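Notes follow once the structure below has been shown.
Protein chains: 2
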Amino acid sequence: MHDLIREAEALCQRAGMTLTAPRRRVLEILAASDTPMKAYDLISKAGEDGRATKPPTVYRALDFLCQLGLVHRIEQDATFVACNHAGHTQPVALFVCNSCLKATEVAYDDVAQMLESAALTRGFQLQRLVIEGRGQCQDCALAA
Amino acid sequence: MHDLIREAEALCQRAGMTLTAPRRRVLEILAASDTPMKAYDLISKAGEDGRATKPPTVYRALDFLCQLGLVHRIEQDATFVACNHAGHTQPVALFVCNSCLKATEVAYDDVAQMLESAALTRGFQLQRLVIEGRGQCQDCALAA
DNA sequence: TAATGAGTGTTATGAAATAACATAATAGGA
DNA sequence: TCCTATTATGTTATTTCATAACACTCATTA
Ligand SMILES: [Zn+2]
Ligand SMILES: [Zn+2]
Ligand SMILES: [Zn+2]
Ligand SMILES: [Zn+2]
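Going down the list, the protein sequences come from chains W and U.
When we follow our numbering, the leftmost residue of the first sequence carries the number 271, and every step to the right adds one.
When we follow our numbering, the leftmost residue of the second sequence carries the number 271, and every step to the right adds one.
Dropping the structure here:
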């Protein structure tokens, strides 16, 4: 977890960016959570001493972190999750468990290529790809 | 377009459901649009004589139509598009052009299977899959 | 005819995200 | 060092997206 912050710092430097205080706080909170979080949950905790802050502060931090690949936004339910691969630019699929709400990140280069070529046969040039799944994770399947 | 409504009616009957007036109006407006629409654009047009109606009316209709596969919701930007395959239950990928905003629907059984097995190797049982792309469509590429 | 269930109308509210403008901190260049 | 441009933050207000809750209608059926 502190590794994650250190890696994030290194990544920012390489990109000529800065991991400022609000950005760092948002990333820390997300990294400490075991499930994706809503923006307003972050807003209520990302201020000084864990107090609330204002929406734009958090949304700006989230935009920044998403752009660098340090955080992923789950479009289906507008939640955010820290990336555990420290800033990959390759696309990933995010599978969210309907029971425990934990998110699993899966790389899928081959799938991306298939979709890219499927799009291309229709003349569509893919620039961004979102793949999200819902279902049941292993732990919850065993517990059931 | 009138075909689409007829097919929708048939589909509803088969499912033991009814394509009531508000549902039909919403579907008609979506089918007539060449780009995905926001819910509040529908709200402002889905009433009697093209007048505005209330949010729950439209959201209920959208929920219904999405469940039957007659309409797809694009999660990235909370828009809705009429399906031109009249109620398939198979998953599809939706590619939205960043220039003209038109949506292209692509079936992807093979991709779904790859993702399903990728998920399964991690013990994750996939129940729902969202695949959305962004990029440039053929028309816009040629126009540029 | 009562009771059920599905669907709608309506009011109000909740939740997610951004616009717009002011202020502060930072980094270069003269 | 001082000025200036840039980057980021703080703050207020607003917009956009979605649902809760409750009353009402209408068809089905016991
Ligand atoms: Zn990641
Ligand atoms: Zn689970
Ligand atoms: Zn479809
Ligand atoms: Zn286009």
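The beta carbon of each residue, even a glycine, is placed where N, CA and C say it ideally should be.
Keep in mind it's a predicted model, so treat the numbers as computed, not measured.
Check: Contacts around residue 409 of chain U, its chain only, beta-carbon distance under 7 Å, and the 5 residues preceding and following it disregarded; Outcome: 370
Check: Residues of its chain near residue 282 of chain U, where Cβ-Cβ distance is below 8 Å and the 5 sequence neighbours each way are ignored; Outcome: 288, 289 and 338
Check: Where residue 396 of chain W meets chain U, residues with beta-carbon distance less than 8 Å; Outcome: 365, 403, 404 and 405
Check: Integer Cβ distance of residue 366 of chain W from residue 344 of chain W, believed to fall under 8 Å; Outcome: 6 Å
Check: Partner residues on chain W for residue 380 of chain U, Cβ-Cβ distance less than 7 Å; Outcome: 384
Check: Three-way DSSP call (helix, strand, coil) for residue 410 of chain W in this model; Outcome: helix
Check: Contact under 8 Å by Cβ, residue 396 of chain U with residue 403 of chain W; Outcome: yes
Check: Beta-carbon spacing of residue 360 of chain U, residue 377 of chain U below 8 Å; Outcome: yes
Check: Beta-bridge pairing of residue 375 of chain U - partner residues as DSSP gives them; Outcome: U:364
Check: Distance cut-off 7 Å: residue 375 of chain U Cβ against heavy atoms of ligand 3; Outcome: yes
Check: Near ligand 3: residue 339 of chain U beta-carbon under 7 Å from a heavy atom; Outcome: yes
Check: Three-state secondary structure (DSSP) of residue 349 of chain U; Outcome: strand
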